[in-house]
Structure formats: C-alpha cells, structure tokens
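Visitor: Numbering (this note's numbering), first residue to last: 154 to 828. Think of the CB as a built atom: it goes at the ideal place given N, C-alpha and C, for glycine as much as any other residue.
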C-alpha cells in the first residue's frame, strides 16, 4: 500500500508541476541554494523580498537532501526544470514519511483495519495529496506536525513538545493554537504536568529560536526572526486581510467539505461509534473556530486538521464493514461507505483537471522555450506570469536573459529592449497589447482557468472553461530600441480635443446628408472614427467582424458558445446567426458613411466636384416629388379621421452617439437570453 501512496503523490506532482506565488519564496530559495550556493547576493529574495521574511531552514534541509540527485542531473546535462521535480518530490517524501508514522500510531490505538481504511480515505482525497509536495510554509511544517500528533497519540510527550516547538518557531506561529489546545487537554487530563513541560520546552525553544535567528540573519543581512515578524504582521497588525477576506464560517461550509469530500459525512458517525474520536477531533474543531476570527482565510491554513478528521471517518468505515453480515440494510450501508471512496476519487480527478489549467505562467514560459530555441532572447516576465508558474527553475536556457522588473511603462524604451514579452491580456485586441501592435507580433496565447459551467445536454455535464490570460510577443526584426519622442500631457490633451471636434463635425455633416436623402443611418461613435476604418474584415468571420464594435467580454462569450452549447446545438447556431445579422447591418451602414465621406472630399480649391448625395436628391425630387406629395396628403387625411387615442405617436430619432451602444445592448440581450 505504501507504493500506491507514492504513485498517487507522483501523479499529482507530474500533472501539476508548476507553482503559485505562495510557494515562490521556498522554491526560489531552494534553487538559489542549489545553484548559487554561497553567493547570497544572487539570491532571488534580495530583489523580491516579499511582504514578510521567511525562514531558510526548510529550503536548506530540502536542498541538502536533493543535492545528490541534482548533481547527477547536471552531470548528464538535463535542464534545471528537472531539479524542480526533484526538490518537490523530496518534500513530498518527507511528508509521506511522517504520514506513515502517524498511520502507525493510528494502527496502535484503533487497530490495523482502521489504519487501512485511513490509508484509502487519505489517498482518495484531493487536497492532502495535492499539497504534500508543494513548497508552502504550511507544508514545510506538515512533517513536524504529523510527527507531533503521532507522538501525542503514543503519549511520548517529550517528542511532542520538541516537534511542536520546531513547527511553531520555524514555520507557522499560528500552530500554537492547534498544538497548544492539545497541550491544554494533556494538562487537564493530568497526562503531563507543567513543570515537566517547562523543563523540555524552554531549552528546546531556546535552541530552535537561536538556530533560526542565526541562519536567517545571515541570509537576510539583518537580525531577524522570520516567523516572529509574520506573526506580528498577520495577528497583531491584522494585515493579512489585505490579501482578501472571507466570512467567519468559511472554513466550516467551504474549506473542510472541499478538502474531505464525501468523507465529511462519516466524521460524526465515527465519533458516535468510538468515544476516543472526540479526543482527536475536538482540538481540531476548536482550532478552526479560533482561527476563523482572522479575516484572511485559505484552506492550506488548516490543512493540519484533516489527518485527525480522517481517523474518525476511518473508524466509521471499519465499524460498518465489520457488521455488514448482520442484515441486508447494514450490508447496503457498508457498500455505501466503500462507494464513498470512489466518489472521492472522481472528485479528485475533477479538481486535478481544474488545477492543471491554473498555471498559465508556467505553461507560457515552457511554450516560449519550445517556440524559440536558437535565438538570443531577452524576455520580460510580467506579474501574472511570475505568480502563476514562472520560477528560476523554469529559466532553463543559460544563454537567455530573464527579467521580472516591475513598474515598466508599456511601449517605453525599457520594454522595447526585450526581444520577447509575456503579457497578461484577455484577447489579442486587449488594451494591454495595443502599445505593441506595430512593434511586436503575437507568437501564441496561453489559456487559464475561467469557470466551471453546467450543461445537462452534454456528457459529462460539467465543463471547465478557460480563457486567454497570457500572450507571448516577439519584437519585430530590425526594430530600433530607442524610445520615440513622447508628447507632453498638454499636447496630448490638445490633440485629443482636436480629434474629437473633427469627428463630431464629420458625424454631424454625414447625419445632415443622410437626413436630406431620407436614409436612416447611425453614425459611428467617437471611439471608432469612420475615417480611420479599414475594410479588412472577412465576410462570415464573427470575431473579426465584431472586433471593433464589441468589448472583450462579449467577444469571449461568443468564442465559447460552441463549447457551452455543443457544436451542433441549434440554439447556439440561431444566436450566432442573429448576432451576425446585427454586425453585418452595422458594417453596411458604416461602409455607406465611409463611401459618402470619400466622395464628398473637396479638391485643392475647396470645391466638391462629385457630390453623390446632391445628385441623388435632385433625381429623387424630379421623379418622386409629385407622388410623395399626394401620398403625404392622403396620409394626413387618414390621420385626421382617427380618434386622438389611436393616432400614431412620433418616435424620437436615435442619436448618432447611441449607434454602437444599441448594437452592443442588442447583442448582450441575445446572449443574456441564451446564457
């Protein structure tokens, strides 16, 4: 069974090899220790220190265990990204080792059948197996926490105190709540006296605190106790809420059910079957309750409680399985308890699939290395890319230069010096990419997780939607890197005012012409001056036809119609046909205005030689004037005969500025009806 746990952990690691910003410090520190060693000035934390300092004790320990394998990888010429697999695998092995120790304690107290059920429940759940190889501070502390819990179950108080002190002082100070509650229960049950506790805790605490202060002060270049500063920032200053807040009961109604999946329903059953379970889960519940007072909440903050909660679920399964022969009902219940593990696995597969598309930055840097291999590259990595997968381990080409420099102005000289860019954008028409439309070409775009949609017409009915997040840009060859002269703010404002006045005058002129010839058309808004429109849209191409009419959000909805409704869904086709008609009508009217404006351009003397509008008006007046007069007289006579309440009301004409807005609203209403 031990091999199965290793295989499941390896699957999670291989399927989601990249990391997020929360894991950045420990991962970058392990890279720097392995590759820069004593050259601390080259370490990542000097350039990007983060909000609060973190300890180097954990990265030093994992790097020391990983170094023999990394040396072999370097000897055989494999790139650095394989080393990221290695350090994560070593961390996972540390957690797995401590998990086996805890499971042995469960077997000692509750029996071997319970430990087997505990094993199967744990590997069927997503979050514990997914997180055990991730270099988070919480996971760095996890081996110590599991060893402390194992010692507590075996009543080895000395080991419990030392492991608990190391986890609290080095990695996560909030563990004083969780492990401190367990300690208070031991005091209450007279299993441990205060004097013995102090004899162990004081010297152990001094040694551990001295170690972290000495080691981390060297790396950070100042006297520091990292976890002490974290505790001050999060608890005393209560600034953790700056990263987002959640309701007080969020852990109970969201985090715990997601982490335990269908096993959550068996926890109270196990407590009813065996009273000893209450002693295990009560400290966990109290810890979550107290920790809920902090506004910033994440599932990883309480990941330590799930091993204890799973013991209760394992006891329930073991008891139901033991009595399955007594009646048909109990046999069905036992089969249901077995089946819940299968449901856990299905839930795990789904969440793992979601997680795999949640690291667009890592995917983008990997694609860049595949697309550009034999060129000299100087790539800029934007904030989103750095937060969603790019690490120093992913910078595998020693001939390339990589930069995560922040606060650079788009299109500036600093940005133009890079040959390639990883930029956040919703689509190729996004505002973020406009400064590079003439200087760069798009090599590829990378999608990331957007949302989960339900459609009962499809199988499976659950779909994972993605959307463009990061674009890979390449600077065009032969382009000078000097920054063009930029106008002052006053000159820019004056130019914008002149352009707006010019557009308003032109729109007004065309509107007057249109009214004189009795043709109802809508002038385009100021955002799309008709003089600058190039008729390059392809007929029948919905996205290119609407790219200068719609915003990115509406275009993204159009893009995913087939995915949401199915390729052969008649309703989706009807919606797309309606939208196409609206866009085509707008395009026809806009092209008409462009043709009229081009034909009425004055010559050098300011005279209009060819005015199709006047010619058409003169022709219409000679042919249609008598007929229109007679029809108008008849219509007026008919209106006079009608009662007042039945006379037609005069509709207000739509203003030119409402043209684009009306089209977008009409399309949005169609999408809203169907979506």
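Could you tell me the alpha carbon to alpha carbon distance between residue 499 and residue 348, rounded to whole angstroms?
Guide: So the alpha carbons of these two residues sit roughly 50 Å apart.
Visitor: In whole angstroms, give me the CA-to-CA distance for residue 496 and residue 564.
Guide: 51 Å
Visitor: Just to check my reading of the structure: residue 415 and residue 493 have Cβ atoms closer than 8 Å, yes? What is that Cβ distance to the nearest angstrom?
Guide: 4 Å
Visitor: Please give the ranges of any alpha helix (DSSP H) in the stretch 384 to 452, keeping only runs that are unbroken, at least 4 residues long and fully inside the region.
Guide: 409 to 413, 420 to 426, 429 to 444
Visitor: In terms of residue numbering, what span does the alpha helix (DSSP H) encompassing residue 584 cover?
Guide: From DSSP, residue 584 is part of no alpha helix (DSSP H); its letter is neither H nor E.
Visitor: With DSSP run on the structure shown, which of helix, strand or coil describes residue 743?
Guide: helix
Visitor: Rank 180, 206, 489, 548 by C-alpha distance to the C-alpha of residue 240 and give the top, closest one.
Guide: 180
Visitor: So, at 7 Å on beta carbons, what are the nonlocal neighbours of residue 607 in its own chain, with the 5 sequence-adjacent residues on each side left out?
Guide: 614, 615
Visitor: Can you tell me where the alpha helix (DSSP H) with residue 280 in it begins and where it stops?
Guide: 279 to 284
Visitor: Check whether the Cβ atoms of residue 517 and residue 625 lie closer than 8 Å to each other.
Guide: yes
Visitor: Does DSSP put residue 672 in a helix, a strand or coil?
Guide: The predicted position of residue 672 is uncertain, since its pLDDT is 33 and thus under 50; a value taken from the coordinates is nonetheless stated next. Coil, per DSSP.
Visitor: Cα separation between residue 403 and residue 409?
Guide: 9 Å
Visitor: Could you tell me which residues DSSP puts in a beta bridge with residue 606?
Guide: 616
Visitor: So residue 512 packs on residue 171, CB below 8 Å; how close in whole Å?
Guide: Contact flag correct, Cβ pair sits at about 4 Å.
Visitor: Which class does residue 359 belong to by DSSP, given the choice of helix, strand or coil?
Guide: Under the three-state reduction of DSSP output, residue 359 falls in the helix class.
Visitor: Express the C-alpha separation of residue 579 and residue 249 in angstroms, rounding to a whole number.
Guide: 40 Å
Visitor: Using only CA atoms, which one of 592, 284, 260 lies nearest to residue 630?
Guide: Ranking 592, 284, 260 by Cα distance to residue 630 puts 592 first.
Visitor: What are the start and end residues of the beta strand (DSSP E) that includes residue 554?
Guide: From DSSP, the beta strand (DSSP E) with residue 554 extends over 554 to 556.
Visitor: Note down, one range per segment and in chain order, each alpha helix (DSSP H) of at least 4 residues found wholly within the stretch 444 to 505.
Guide: 459 to 475
Visitor: What do you reckon, are the CB atoms on residue 380 and residue 324 nearer than 8 Å?
Guide: Their beta carbons are under 8 Å apart, which means residue 380 touches residue 324 by this criterion.
Visitor: Within its chain, find whatever has a CB closer than 7 Å to the CB of residue 262; leave out the 5 residues flanking it on each side and keep chain order.
Guide: By the criterion of a C-beta distance shorter than 7 Å, residue 262 is surrounded in its chain by 306, once the five residues flanking it on both sides are discounted.
Visitor: Could you round the C-beta distance between residue 417 and residue 281 to whole angstroms and report it? I think they count as a contact, below 8 Å.
Guide: Rounded to whole angstroms, the Cβ separation of residue 417 and residue 281 is 14 Å, and the two are not in contact under 8 Å.
Visitor: Okay, do the stretch 464 to 476 and the stretch 284 to 294 touch, 3+ Cβ pairs below 8 Å being the bar?
Guide: no
Visitor: In the DSSP output, what is residue 593 paired with across the bridge?
Guide: 628
Visitor: For residue 194, which of 266, 371, 359 has the nearest alpha-carbon?
Guide: 371
Visitor: According to DSSP, is residue 369 helix, strand or coil?
Guide: helix
Visitor: Do residue 294 and residue 328 count as a contact pair if the criterion is CB distance below 8 Å?
Guide: yes
Visitor: Taking buried to mean at least 16 other C-beta atoms within 10 Å of its own C-beta, is residue 541 buried or exposed?
Guide: buried
Visitor: When DSSP labels each residue in this structure, what does residue 623 get in the three-state scheme?
Guide: Look at residue 623 here: in three-state DSSP terms it is strand.
Visitor: Under 8 Å, do residue 255 and residue 303 count as touching if we go by C-beta distance?
Guide: yes
Visitor: Which partner residues does residue 155 have in the DSSP bridge list?
Guide: In DSSP, residue 155 forms no bridge with anything.
Visitor: Under three-state DSSP, which class holds residue 601?
Guide: strand
Visitor: Taking contact to mean at least 3 C-beta pairs separated by less than 8 Å, is the stretch 431 to 446 in contact with the stretch 226 to 234?
Guide: no
Visitor: Within 10 angstroms of its Cβ, does residue 398 collect 16 or more other Cβ (buried), or is it exposed?
Guide: exposed
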